[in-house]
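One structure is given here, and the rest of the page talks about it.
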């Protein structure tokens, strides 16, 4: 099966991040602008957490907190679950499903090299299954 590195080669390794002391409102605006559901929380080059729309809904909106007055560090998930470029796609699917998360930062050692989402993983599995079906159909018909 494919590895995370193959997904990043296809989708790219662009990472959207925010500082832990930034207001949550800034994080939500950044997510909306970039059309993503989560941001990495970085202190310089160090990954310290991940903040998602789900964190915002549960830890700000439902608790009646102020988006402008609450720091990202107060609602982020930390430490975030991460994977390496060598991690198998099925292992990532299992991790996302078991942990009920939608985004996985990809680390090569301590360096962030990308982010994959559950959508990226589902697409990779569907593509692999379609390829396998095609090969089986060709084998049967020849």
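Numbering (UniProt numbering), first residue to last: 1 to 142. A virtual CB, placed ideally from N, CA and C, is assigned to each residue, including glycine.
What residue range is occupied by the uninterrupted alpha helix (DSSP H) comprising residue i?
i           : result
residue 108 : Unbroken run through residue 108 is the beta strand (DSSP E), 103–108; no alpha helix (DSSP H).
residue 72  : 72–75
residue 114 : First-last for residue 114: 111–117, but that is the beta strand (DSSP E), not the alpha helix (DSSP H).
Relative to the C-alpha of residue i, which candidate in the options has its C-alpha closest?
i           : options             : result
residue 21  : 34, 69 and 120      : 69
residue 4   : 122, 135 and 32     : 122
residue 118 : 65, 67, 136 and 98  : 98
residue 109 : 102, 85, 95 and 101 : 85
To which residues of the same chain is residue i closer than 7 Å at the C-beta, ignoring the five residues directly before and after it?
i           : result
residue 2   : 89, 124 and 128
residue 105 : 40, 47, 50, 80, 82, 112 and 115
Under DSSP, the beta strand (DSSP E) around residue i begins and ends at which residues?
i           : result
residue 46  : 46–52
residue 189 : This structure leaves residue 189 out entirely; the chain is present only between 1 and 142.
Which residues in the same chain have their Cβ closer than 8 Å to the Cβ of residue i, if we skip the five residues on either side of it in sequence?
i           : result
residue 111 : 45
DSSP three-state call for residue i: helix, strand or coil?
i           : result
residue 83  : strand
residue 129 : helix
Using DSSP's beta-bridge definition, name the partner residues of residue i.
i          : result
residue 69 : According to DSSP, residue 69 bridges with nothing at all.
residue 18 : 41
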